Amino acid sequence: MIAILGCQGCGMCSGFCDALIFENGKVVRIDYEKCTLCLDCVNLCPHGALIFVD
78 MIAILGCQGC GMCSGFCDAL IFENGKVVRI DYEKCTLCLD CVNLCPHGAL IFVD
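In structure tokens form, the structure reads like this:
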């Protein structure tokens, strides 16, 4: 599972993941039916706002 902790709205992850749901430029939810747990969003986030939680 991916947890969202204070998205800054930088947009670095926006072009890499179809599972992220944005509102006002920030990640607010993750569509887990689309998420493949590739962790691209976690690795791309320069703010550490997306983390993997098992």
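Taking this note's numbering as reference, the numbering of the sequence shown is continuous, increasing by one, and the terminal residue is 131.
Ideal Cβ positions, reconstructed from N, Cα and C, are used throughout, including at glycine.
Model, not experiment: these values are computed from the prediction.
Scanning its chain for C-beta atoms nearer than 8 Å, with the 5 sequence neighbours on each side dropped, one finds around residue 81 the residues 104, 105, 106, 107, 126, 127, in chain order. Cβ atoms of residue 117 and residue 93 come within 8 Å of each other, at about 5 Å. Residues of the same chain with a CB within less than 7 Å of the CB of residue 129, apart from the 5 flanking positions on each side, are 79, 116, 119 in chain order. A distance of 8 Å or more separates the beta carbons of residue 112 and residue 89. Annotation: residue 101 to residue 84 spans about 11 Å, alpha carbon to alpha carbon.
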